[in-house]
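Q: Have a look at this one before I ask anything.
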Amino acid sequence: MSFDFINTHLHARQQQALLRTRHCVEHATAHEITVAGKCYLNFASNDYLGLGETSITANQLAPLGSHSSALVTGYHWQQQQLEQSLCEQLGYQAAMLFSAGFSANSSVIKALFQDQSVAQHSAIFQDKLNHASLIDGALHANAALVRFKHNDMNHLRSRLEKSNAQHKLIISEGVFSMDGDQAPLAELLSLAKQHNAWLMIDDAHGFGVLGNSGLGSCEALTAEQRPDILVITFGKAVASSGACVLGSQAFIDYMLQFNRDYIYSTAMSPLIASLTLARIKAIQHADDKRAKLNANIALFKQLASTHNLAIMPSNTPIQPIVLGCAEQTLHVSEQLKQQGIWLTAIRPPTVAHNTARLRITLTTAHTPSDINYLVSSLVGALK
Ligand SMILES: Cc1ncc(COP(=O)(O)O)c(C=O)c1O
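The sequence shown begins at 0 in numbering that gives the first Met the number 0 and counts up by one.
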């Protein structure tokens, strides 16, 4: 059998300015990144609070490996402690950890509809801009996948009204990863209630950053208003890795029976679980860092508007500038690199066709002069 298609596809990606390559990072903080011996100002990190630079010590040195699946001998007390702490803080009965947010999202959706007789009477309603992991989960579930226009509650309502599915699941991100805007949680919750649907929120980019204590998009909600399923990830503001899925006891018990990623994969490292818990405790006392981050966001928005940069309606650390053309976006990103700024060009299929963008992420670690320099460099490069 011939595998020539590999070269054909690589060539096509290259021709369309969509080829992905990796850069080996020699050193990185939320402020700086060193690649090939050159140090750049880092405006592409998801370590929004700059916590990656702070050292943490866990109570006791935990093992690096969990040695097996959580259902065999891989479920250690460090993981249980992290789950219990998150349940208490976020107001859920039960939780389970995954080594990656991608796996958490896709596997939970797939497992929820694992029963064919349930799936054929089910529909999954997803925001058009939902993360690939959420879409992949729905594509692998046997339920109908219904997309609604981004944050458009009228469109979602009409889709729900037209559906005669018995089991409805609405899925949205709390903060959208490539646009930086927030989901209208109150309206999503009320539509879910009206249509007897479940609501699942992926708060990968809200946890740590939003809410008075950094508990994310759902912090201000009352117990009755909480989404049925909440996913938080540890690879962004927590500056660790992995994810936690929270829900009712029955839901988590169900996942323990049917979630194939959880059952057939080595459980999260106890060392990561223990260090992650220490980080999350620090996040709750990081009001000063959140205040500085918000001041940086406000400064960027103010400077961008003074210079007529076309930013998006985002109040979060994710501040994209959509240029449209992938080639131009790559070119601008290269120009910025020459000026010492690392800003990744985000291109299709990560974002929709003709919406290639510079995804600027601001962090607590940036200074006002870094942000001034970023904006003046952007103005020059976009001329
Ligand atoms: C919204 C969203 N959900 C889930 C994920 C996946 O999380 P992880 O990086 O832990 O696999 C990401 C990260 O890329 C994300 O942006």
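We treat Cβ as the ideally placed atom computed from N, Cα and C, and that holds for glycine. In this text, all values refer to a predicted model and were calculated from it rather than measured experimentally.
Which full runs of the alpha helix (DSSP H) of 4+ residues lie inside the stretch 245-285, going along the chain?
A: 248-257, 259-262, 269-283
Q: If we ignore side chains and look at the alpha-carbon of each, how far apart do A285 and A355 end up?
A: Residue mapping note: residue 285 aligns to position 286 of the sequence shown, counting from 1. Residue mapping note: residue 355 aligns to position 356 of the sequence shown, counting from 1. Distance between the alpha carbons of A285 and A355: 33 angstroms.
Q: Measure the Cβ-Cβ separation of L111 and L188 and say whether it is below 8 angstroms.
A: As a working note, residue 111 is residue 112 in the sequence shown. As a working note, residue 188 is residue 189 in the sequence shown. In this structure, L111 sits away from L188, with a CB-CB distance that is not shorter than 8 angstroms.
Q: CB-CB under 8 angstroms to G36, same chain, minus the five flanking residues each way: which ones, in chain order?
A: What you label residue 36 is simply residue 37 of the sequence shown in a count that begins at 1. These residues qualify, in order along the chain: E25.
Q: Can the beta-carbon of K235 be found closer than 8 angstroms to that of G207?
A: Numbered from 1 along the sequence shown, position 236 holds the residue referred to as residue 235. Numbered from 1 along the sequence shown, position 208 holds the residue referred to as residue 207. The answer is yes: Cβ separation under 8 angstroms.
Q: When DSSP labels each residue in this structure, what does F42 get in the three-state scheme?
A: Translated into the one-based positions of the sequence shown, residue 42 becomes position 43. Note: F42 maps to coil in three-state DSSP.
Q: Taking C-alpha atoms, which residue in Q80, M311, A344 lies nearest to Q327?
A: Taking the first residue of the sequence shown as position 1, residue 327 is located at position 328. Q327 has its Cα closest to that of A344, out of Q80, M311, A344.
Q: Can you grab the Cα-Cα spacing for the pair V107 / R358, in whole Å?
A: Residue mapping note: residue 107 aligns to position 108 of the sequence shown, counting from 1. Residue mapping note: residue 358 aligns to position 359 of the sequence shown, counting from 1. When rounded, the distance between both Cα atoms is 28 angstroms.
Q: Hey, quick one: how far does the beta strand (DSSP E) through Q318 stretch, first residue to last?
A: Working through the sequence shown from its first residue, we reach residue 318 at position 319. Its beta strand (DSSP E) spans residues 317-323.
Q: Measuring alpha carbon to alpha carbon, tell me which of Q115, S54, M177, N195 ends up nearest F124.
A: Locating residue 124 in the sequence shown gives position 125, counting from the first residue. Cα-wise, what sits closest to F124 is N195.
Q: Using only alpha-carbon positions, find the residue among K291, A122, R346 that is nearest to L329.
A: Counting from one through the sequence shown, the residue named residue 329 turns up at place 330. The candidate whose alpha carbon is nearest that of L329 is R346.
Q: Would you tell me roughly how many angstroms separate the C-alpha atoms of N314 and D3, rounded to the nearest one?
A: Position 315 of the sequence shown, counted from the start, is the residue given in the question as residue 314. Position 4 of the sequence shown, counted from the start, is the residue given in the question as residue 3. Straight-line Cα distance between these residues: approximately 46 angstroms.
Q: I need the DSSP call for R356, collapsed to helix, strand or coil.
A: Looking up residue 356 in the sequence shown gives position 357. If DSSP states are grouped into helix, strand and coil, R356 belongs with the strands.
Q: Mark G246 as exposed unless 16 or more other C-beta atoms lie within 10 angstroms of its C-beta, in which case mark it buried.
A: One-based indexing of the sequence shown puts residue 246 at position 247. G246 counts as buried, since at least 16 other C-beta atoms from the protein chains shown sit within 10 angstroms of its C-beta.
Q: Leaving out five residues before and five after F117 in sequence, what residues of the same chain have Cβ atoms less than 7 angstroms from its Cβ?
A: Sequence index remark: in the sequence shown, residue 117 carries index 118 (1-based). Per the sequence presented here, residue 117 reads as Val, with Phe not at that position. H166.
Q: Can we count E172 as close to ligand 1, meaning its CB is less than 7 angstroms from some heavy atom?
A: As a first step, residue 172 must be located in the sequence shown, where it is residue number 173. Checking every heavy atom of ligand 1 against the Cβ of E172, one is found closer than 7 angstroms.
Q: Where do the ends of the alpha helix (DSSP H) carrying F101 lie?
A: Reading the sequence shown from its first residue, position 102 is the one you call residue 101. First-last of the alpha helix (DSSP H) with F101: 100-111.
Q: Helix, strand or coil for Q338, going by three-state DSSP, please let me know.
A: Working through the sequence shown from its first residue, we reach residue 338 at position 339. If DSSP states are grouped into helix, strand and coil, Q338 belongs with coil.
Q: Can you check which of these residues, A16, T7, M199, H306, is closest to P348 by C-alpha distance?
A: In the sequence shown, the residue the question calls residue 348 occupies position 349. The shortest C-alpha separation from P348 is found at A16.
Q: Are I55 and L292 closer than 8 angstroms when you measure CB to CB?
A: Mapped onto the sequence shown, residue 55 falls at position 56. Mapped onto the sequence shown, residue 292 falls at position 293. Their beta carbons are not under 8 angstroms apart, which means I55 does not touch L292 by this criterion.
Q: Compute the distance between the beta-carbons of S376 and Q318, then report whether it is under 8 angstroms.
A: Residue mapping note: residue 376 aligns to position 377 of the sequence shown, counting from 1. Residue mapping note: residue 318 aligns to position 319 of the sequence shown, counting from 1. Contact flag unset, no.
Q: Please confirm whether I231 and M199 have their CB atoms less than 8 angstroms apart.
A: Taking the first residue of the sequence shown as 1, we reach residue 231 at position 232. Taking the first residue of the sequence shown as 1, we reach residue 199 at position 200. No, the Cβ-Cβ distance between I231 and M199 is not below 8 angstroms.
Q: Indicate the three-state DSSP secondary structure (helix, strand or coil) for L168 in the structure shown.
A: In the sequence shown, the residue the question calls residue 168 occupies position 169. L168: strand per DSSP, three-state reduction.
Q: Let me check understanding here. Comparing Cα to Cα, which of R158, D201, K280 lies closest to F175?
A: Here residue 175 is taken as the residue at index 176 of the sequence shown, counted from 1. Checked all of R158, D201, K280; the closest Cα to F175 is D201.
Q: In three-state terms, what does DSSP make of T33?
A: Here the question's residue 33 lines up with position 34 in the sequence shown. In the structure shown, T33 sits in a strand (DSSP, three-state: E or B).
Q: Got a sec, what are the start and stop residues for the beta strand (DSSP E) V24 sits in?
A: As a position in the sequence shown, residue 24 is number 25, starting the count at 1. Taken as a continuous stretch (DSSP letters only), the beta strand (DSSP E) holding V24 covers 24-27.
Q: For M95, tell me which candidate among S157, M267, N353 has the shortest Cα-Cα distance.
A: Taking the sequence shown and counting its residues from 1, one reaches residue 95 at position 96. Checked all of S157, M267, N353; the closest Cα to M95 is M267.
Q: When you compare only the Cα positions, how much space is there between S182 and G215?
A: In the sequence shown, counting from the first residue as 1, residue 182 sits at position 183. In the sequence shown, counting from the first residue as 1, residue 215 sits at position 216. Rather than Ser, the amino acid found at residue 182 in this sequence is Ala. Cα to Cα, the separation comes out at about 12 angstroms.
Q: Under 8 angstroms by Cβ, that's how I've got L63 and L270 pegged, so tell me the actual separation to the nearest angstrom.
A: Here residue 63 is taken as the residue at index 64 of the sequence shown, counted from 1. Here residue 270 is taken as the residue at index 271 of the sequence shown, counted from 1. Their Cβ separation, rounded to whole angstroms, is 5 angstroms, which keeps L63 and L270 in contact under 8 angstroms.
Q: Based on DSSP bridge pairs, tell me the residues matched to T232.
A: Locating residue 232 in the sequence shown gives position 233, counting from the first residue. The partner list for T232 (beta bridge, DSSP) reads A242.
Q: Taking the alpha-carbon of G179 as reference, which of A222, D114, K300 has the nearest alpha-carbon?
A: Numbered from its first residue, the sequence shown carries residue 179 at position 180. Considering only alpha carbons, the answer is K300.
Q: Whose C-alpha, out of A242, L60, V145, is nearest the C-alpha of K161?
A: Position 162 of the sequence shown, counted from the first residue, corresponds to residue 161. The shortest Cα separation from K161 among A242, L60, V145 belongs to V145.
Q: Name the residue from V321, Y91, A222, E333 whose alpha carbon lies nearest to the alpha carbon of Q248.
A: The residue you call residue 248 lines up with position 249 of the sequence shown. Nearest option by C-alpha distance: Y91.
Q: Can you tell me whether DSSP reads S68 as helix, strand or coil?
A: Start at 1 with the first residue of the sequence shown, and residue 68 comes out as number 69. Correct three-state label for S68: strand.
Q: Between the Cα of V71 and the Cα atoms of T362, I320, T363, S264, which residue gives the shortest distance?
A: Along the sequence shown, read from residue 1 onward, the residue named residue 71 stands at position 72. If we check each option's Cα against that of V71, S264 comes out closest.
Q: Grab me the residues of W197's own chain with a C-beta within less than 6 angstroms of its C-beta, minus the 5 sequence neighbours each way, in chain order.
A: As a working note, residue 197 is residue 198 in the sequence shown. The residues are L168, D227.
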